[in-house]
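Protein chains in written order, with this note's numbering: chain A, 1 to 304; chain B, 1 to 662. Right, one structure below, let's go through it.
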Amino acid sequence: MNVAANIVAMLVMPIVLAGTITRVKSRWAGRRGPPIFQLAFDLWRLARKSSVYSTVTTPVFRLGPIVVLVTALASACVVPLVGTTSLVSFPFDFVWFAYVWSFGRVALMLGALDTGSSFEGMGASREATFATLLEPVLFLVAGALCLHSGARSFSQALVPQLDSAPALVMWVAAIIALLVVVQVEAARMPIDDPTTHLELTMVHEVMILDHSGPELALLQLGSAVKLFVGVSVVALLLNPLAGTGSLAAVGAHLGLCIAIAIAIGMSESLIARLKLRVIPQYIVVGLVAGGIALLSMLGRGGQG
Amino acid sequence: MTSSALLLTSIPVLLVGAALAVGLRANHARAIAALVTQAIATLLVLASIVPVLAGDASIEVTWPWPAPIDQIAFRVDALGAFFLAWSLPMTFLGTLYAVGYLRPYFSAGRNGGPHFALLNMTSVAFVLIYSVQNALVFLIGWEIAAVAAWLLVIWDYRSQKIRFAGFNYLVSTHVGLFVLVAAFMLLHSYTGSMDFAEFGRYLSSHPGGQGTLFLLLGISFALKSAFFPFHTWLPRAHSAAPAHVSALMSGVIHKAGLFGFLRFTLLGGRPEAWMGWAVLIFGATSAIFGVLYTATQRDLKRMLGYSSTENVGIAAMAFGLGMLGWAWSNPALATLGFGGGLLHILNHALFKCSLFYAAGAVYRATHTIDLERLGGLARRLPRTAVFFLIGGLAMAALPPFNGFVSEFLIYSGLLSGAAPTAEGDVVLVCAAAVLAFVGAVGALSTTRAFGLAFLGAPRDPSIHVGEDAPRSMAIPMAVHSAGILILGVYPDVALVLVEPALHLFRFDPGIAGALDLSVVLTPVVWACRALALVLGVSMVVAWRRRARSSASVTWGCGYTAGTARMQYTGSSFSAQLSTLFRPALPVVTREHLPTEPFPRHASHLSTNHVDAVERRMFEVLGQGEQFVHDTSGRIPEQPRFAFAFGLLALVVVALVAIGEVL
């Protein structure tokens with residue numbers, strides 16, 4: 001039952017979240033907006049199209065999008081996607097989580113460099129640089145959560161634990177840090193504007209400029225899955241019922257995911273993206289929050 | 001034949017091979033002599049260590065020998081067996097690679113005999129270093145390895161740059177030797193013996209007085225393994241040496257430093273916690289600086305060289321963790337630390353050799369390894385490109401490749417919350433965050449190196465791309481790549497070598513609380529297998545289906561006259577990172593910028609990322625020289641200086657005299 005629910009969520013929720021964000025943005029702009037499942041129609045349309053490859057490219061360009069999607073799904077396997085338990089769970093699975101994301105990122109960057117376009121190289125360079133600051137954030141937060149709860153896996157560690165003042169500090173700091181992680185990894189505002197039309201300022205979108213047809217579909221689905229996985233991680237920490245495994249917990253989890261998607265849509269309608277130069281500083285905010293989450297463990301005293 | 005006889009027969013076999021390599025008349029005969037003797041020696045050594053790895057007692061044999069050595073004790077325990085098990089086969093592969101790599105020199109009439117003989121001597125050095133129990137013979141093996149490596153590096157001795165790199169290495173490695181000699185002399189003065197067993201008895205019975213020795217041995221082994229800030233010889237040497245020599249130095253020869261460290265950790269018995277912390281922090285520093293330098297190098301082999309500073313740093317982090325586990329009587333942590341570190345050494349040897357071989361193939365085909373001039377090589381050198389990509393992904397520790405497995409073990413130790421205090425736990429998690437940072441920068445460097453050299457369009461039309469690697473060069477790369485792929489999904493193959501060595505650290509899987517590494521790895525290895533399977537199948541399916549597609553030019557964002565020169569460059573790729581970490585990554589800029597609206601002269605801008613330590617070292621030397629020069633210039637003018645020095649000398653002499661009398 002749980003397995004089926006996780007798989008269904010893995011396939012459906014990314015599309016729903018993407019649709020929700022678009023819908024919210026449309027409403028703010030005074031439009032009705034496309035259907036919630038528009039991304040699914042788009043993917044279907046793209047999958048049937050033929051591809052255009054640049055004459056410069058090699059098989060790396062063609063196979064990269066597969067790696068992007070497969071690694072996104074591989075990361076989804078260790079996260080409890082419906083607020084119960086994850087498909088697969090083993091000690092220190094968040095190390096696996098971080099490194100499959102990293103693999104997907106490398107595949108995307110190599111695909112970008114394969115086109116020989118300077119714009120795509122620019123995007124790849126930015127993505128790689130931001131990632132160097134971002135990876136430690138995830139480990140600081142995961143380490144703090146593990147130390148606090150004595151848990152070893154994402155499923156066990158990602159539950160709100162508010163039994164003391166230091167734990168409260170850690171919880172708030174962990175949520176802030178993870179929000180930064182999700183914003184950067186899923187390429188959302190204020191890091192990256194997915195709807196911008198100026199290649200010079202893009203990060204994620206510029207790397208997929210040359211992809212078309214099925215490859216583009218794979219990449220779009222991959223980034224939607226990554227967004228849902230990231231949102232799920234934050235939602236689990238916010239969900240008071242997480243870890244109970246009840247039907248109410250599932251409902252609360254999915255509701256929270258949609259709520260976060262609505263919040264993303266609103267932030268993308270209401271605020272402007274940061275200057276590229278400022279983004280590393282924004283990630284350092286996440287790093288500091290992660291550090292605070294970890295340091296609050298000192299206040300806990302002794303072995304937990 | 002007994003194990004010890006098998007092991008010791010390998011030395012004369014290798015020496016005969018070296019003699020034949022020098023004596024024979026044709027280069028191919030010399031190569032065959034070296035290869036055949038190395039193959040025999042490898043088989044002999046492997047046959048001799050099988051019982052040790054299977055859990056039997058160590059190989060022990062003692063030879064009488066003239067003074068001052070008196071007798072040489074050979075003893076191969078599981079630790080030595082672990083290092084022997086891959087050092088000799090990899091040297092054999094390196095020699096095979098040399099046959100193809102040096103062919104252009106041979107056709108120009110160069111005598112390859114000494115080179116092959118030196119490769120044999122390197123293997124002899126391994127047999128000595130990893131098996132002798134006598135400090136003097138150990139030093140001889142150490143010196144053979146160092147001098148052989150130096151002579152191998154300066155193969156292209158006609159170039160001034162290469163001779164400079166060679167001497168730089170020679171000086172550094174001998175500074176390390178002096179420090180090692182000092183440590184051994186100190187131990188000799190305490191024990192009256194040159195035998196490691198005696199050293200061990202002394203060290204384990206005097207747990208308090210190890211500080212000086214720990215420092216001396218640490219510096220010597222750090223110089224050998226090129227830890228930051230003792231790495232300054234490394235980028236030059238790796239960039240100057242032939243590719244197989246760089247590969248062997250980085251992947252195999254300099255692991256002797258880590259072996260020495262582990263050997264003396266074992267001899268010293270249970271370490272104190274501060275030693276574990278010191279090694280952990282020292283390793284983390286090395287990993288951070290090493291990896292930051294990989295991100296900015298123009299020279300592909302220099303970049304790979306810095307990456308070995310990074311990887312020995314990661315291994316040292318693991319050993320520091322293991323020492324902490326030992327000090328805290330936590331067998332699980334010690335197993336994860338030492339096991340992860342040993343596995344990482346082997347993994348690093350596999351992927352680093354492969355990467356250097358691929359870089360050598362690039363050099364052979366294009367006569368340059370400057371990333372800013374290469375590009376689009378994947379089309380011209382497809383075989384090399386595949387091997388480089390596999391090695392690079394393993395270097396970035398990505399699943400399902402082998403680098404990930406060993407780093408996973410290290411993470412498991414760092415994040416396990418096993419420290420006795422909350423502060424300790426927090427520091428260990430910070431170390432895990434450091435490892436994550438190192439991994440992310442490593443991913444950047446891999447992407448940059450592969451993306452610039454092999455993808456995109458050729459940047460410099462003046463470069464003529466020759467043929468892809470011949471078979472003698474491709475086979476070593478293929479073997480190493482196969483090792484990378486197999487250890488990524490079946491690390492048990494390597495754990496067979498690692499586990500017996502772990503028993504030496506007195507953690508038997510039988511006793512409660514210890515762990516079996518293969519049990520720790522089971523879930524993540526299954527995850528890696530699943531990932532590898534899904535990736536493989538989906539790629540094959542996608543490749544087969546290969547529906548209609550059309551070709552076009554790369555989208556230039558509206559600009560239609562783009563050229564290959566407009567591609568992103570290596571320095572621009574890492575520009576943002578290097579700005580963020582400017583204090584650690586100094587850059588020398590030479591610029592002549594246009595000043596007026598219609599500049600009348602050509603302008604240029606060049607940036608060069610230099611090594612911070614080397615630069616600072618020479619700066620200090622230069623300042624010191626300037627100071628001495630200034631002072632000595634002023635002495636004749638200022639008689640009071642001469643008077644002051646005279647007075648000072650008198651005071652010193654008087655103090656010494658008083659000290660003697662008392």
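All residues carry an ideal CB built from backbone N, CA and C; glycine is no exception.
For B:E60, which residues does DSSP report across the bridge?
DSSP output for B:E60 lists B:R75 as bridge partner(s).
Evaluate contact between the segment 8-26 of chain A and the segment 154-172 of chain A, counting only Cβ atoms and requiring at least three cross-stretch pairs below 8 Å.
no
Applying a beta-carbon distance threshold of less than 8 Å, which residues of chain B neighbour A:P91?
S412, V520, P523
Is the segment 163-172 of chain B touching the segment 124-132 of chain B, taking contact as three or more C-beta pairs under 8 Å?
no
Any idea what DSSP makes of A:S50, helix, strand or coil?
It is coil, neither helix nor strand.
Give the interface partners of B:F289 over in chain A, defined as CB-CB distance under 9 Å, in chain order.
Within 9 Å of the CB of B:F289, no CB atom of chain A is found; the nearest one sits about 14 Å away.
Return the CA-CA distance between A:L87 and A:F228, expressed in angstroms with no decimal places.
CA-CA distance, A:L87 to A:F228, rounds to 15 Å.
Compute the Euclidean distance between the alpha carbons of A:V231 and B:G417, then round it to the nearest angstrom.
27 Å
What are the residues that DSSP puts in a beta bridge with B:L605?
Paired residue(s): B:E591.
Of all the options B:I49, B:P64, B:L79, B:T95, which has the alpha carbon lying nearest to the alpha carbon of B:A33?
B:T95
Bridge partners for B:V132 per DSSP, in chain order?
B:F74
So if I threshold CB-CB distances at 8 Å, which residues from the segment 544-555 of chain B count as touching chain A?
A547, R548, S549, S550, A551, S552, V553, T554, W555
For A:A186, name the three-state secondary structure that DSSP assigns.
coil
Spatial neighbours of B:N27 within its chain, please: C-beta separation below 6 Å, excluding the five flanking residues on both sides.
The answer, listed in chain order, is F106, G112.
Excluding the 5 residues preceding and the 5 following A:F94 in the sequence, name in chain order all residues of the same chain whose CB lies nearer than 6 Å to its CB.
A142, F154
Could you tell me whether the Cβ atoms of B:S118 and B:A78 are closer together than 7 Å?
Checking the sequence shown, residue 118 of chain B turns out to be Leu, not Ser. Taking 7 Å as the Cβ cut-off, B:L118 and B:A78 do not qualify as a contacting pair.
Let me confirm a value: B:D70 is counted as buried when at least 16 other C-beta atoms fall within 10 Å, else exposed. Which label applies?
exposed
Please determine, among B:A278, B:A327, B:F289, the residue with the shortest C-alpha to C-alpha distance to B:A316.
B:A278
Go ahead and label B:V137 buried or exposed: buried means 16 or more other beta carbons lie within 10 angstroms of its beta carbon, across all protein chains shown.
Of the residues assessed, B:V137 falls on the buried side of the cut-off, its CB having 16 or more other CB atoms within 10 angstroms.
Hey, how far is the Cα of B:G80 from the Cα of B:F261?
12 Å
Just to confirm the assignment, what range does the alpha helix (DSSP H) spanning A:S26 have?
2-28 is the extent of the alpha helix (DSSP H) around A:S26.
Identify which residue in B:S308, B:G483, B:L343 has its Cα closest to the Cα of B:I390.
B:G483
Taking Cβ-Cβ distances shorter than 8 Å, what residues in chain A pair up with B:Q576?
Residues of chain A passing the Cβ test: S125, R126, T129, P280.
Tell me, please, whether the CB atom of B:L415 is closer than 7 Å to any CB atom in chain A?
Residue-level contact check: B:L415 touches chain A, since one or more beta carbons of chain A fall below 7 Å from its beta carbon.
Check the Cβ-Cβ distances between B:G320 and every residue of chain A, and say whether any is below 7 Å.
no
In the DSSP assignment, what residue or residues form a beta bridge with B:A551?
Answer is A:Y53.
At the level of alpha carbons, what is the spacing between B:V312 and B:R236?
18 Å
Would you say A:E215 faces chain B, with C-beta separation under 7 Å as the test?
It does not: the Cβ of A:E215 has no partner Cβ on chain B nearer than 7 Å.
Taking Cβ-Cβ distances shorter than 8 Å, what residues in chain B pair up with A:I66?
Under the 8 Å cutoff, chain B gives L535, S538, M539, A542.
Check whether the Cβ of A:S155 lies closer than 7 Å to any Cβ atom in chain B.
no
Can you give the Cα-Cα distance for B:Y101 and B:Y363, rounded to whole angstroms?
10 Å
Is DSSP giving B:D468 helix, strand or coil here?
The three-state reading of DSSP puts B:D468 in coil, since its state is none of H, G, I, E or B.
What are the boundary residues of the alpha helix (DSSP H) that B:W155 is part of?
From DSSP, B:W155 is part of no alpha helix (DSSP H); its letter is neither H nor E.
Quick one: give me the first and last residue of the alpha helix (DSSP H) that B:Y559 is part of.
Per DSSP, B:Y559 belongs to no alpha helix (DSSP H) and is neither H nor E.
For the segment 251-264 of chain A, list every residue whose C-beta sits within 8 Å of some C-beta in chain B, in sequence order.
none
Does any CB atom of chain A fall closer than 7 Å to the CB of B:F228?
no
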